[in-house]
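According to my numbering, numbering within the sequence shown proceeds without interruption in unit steps and concludes at 94. To keep things clear, I will list the structure first and then write my remarks on it.
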Amino acid sequence: MKKEIKEKVMKIMDLALEINSREKNTIFVEYFGHTNEICAKVYEKGWEYWRENGEGRKKLNESYLYLDKDDCVEKLDNLIEKLKEMKG
C-alpha cells in the first residue's frame, strides 16, 4: 500500500475515533485485507438511537473504497472532508 493512501486511511480512523468519543453519531470503519478495501458507515443519530424510540437505524453515509483503484485517493479525500465537517 502506498504511503499516501495509508496515511489517509489512518486519518479516517483517527477522525472516526474523535467523533465517536464526543458525538452521538456512530461511525464504523472497517478494513478488509483480502480485498484491499475500507468501509465507513455513519449512523445519523447513533447506533443505539433506535432502541429508545423504535425507529430504524438511519445511515447517513456508507462508503466502500477499494484502495487499489485509480480514484481511491480522491474518494478517501472526500470521506475525510465529510468526517471533518461532522467533527466541526
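The beta carbon of each residue, even a glycine, is placed where N, CA and C say it ideally should be.
Could you tell me the alpha carbon to alpha carbon distance between residue i and residue j, rounded to whole angstroms?
| i | j | result |
| --- | --- | --- |
| Asp77 | Ser27 | 30 Å |
| His40 | Gly94 | 34 Å |
| Met92 | Thr32 | 11 Å |
| Phe38 | Ser69 | 13 Å |
| Gly52 | Met7 | 32 Å |
Quick one: measure Cβ to Cβ for residue i and residue j, integer angstroms, because I've assumed they're closer than 8 Å.
| i | j | result |
| --- | --- | --- |
| Leu89 | Ile18 | 6 Å |
| Asn67 | Val79 | 19 Å between Cβ atoms; not a contact. |
| Ile44 | Leu71 | 5 Å |
Which residue comes first and which comes last in the beta strand (DSSP E) that contains residue i?
| i | result |
| --- | --- |
| Glu43 | Glu43 to Tyr49 |
Over what stretch of residues does the alpha helix (DSSP H) that includes residue i continue unbroken?
| i | result |
| --- | --- |
| Asn84 | Cys78 to Lys93 |
| Asn26 | Lys9 to Arg28 |
Taking Cβ positions, are residue i and residue j nearer each other than 8 Å?
| i | j | result |
| --- | --- | --- |
| Ile174 | Lys9 | The structure shown does not extend to residue 174, since the chain spans only 7 to 94, so no value can be given for it. |
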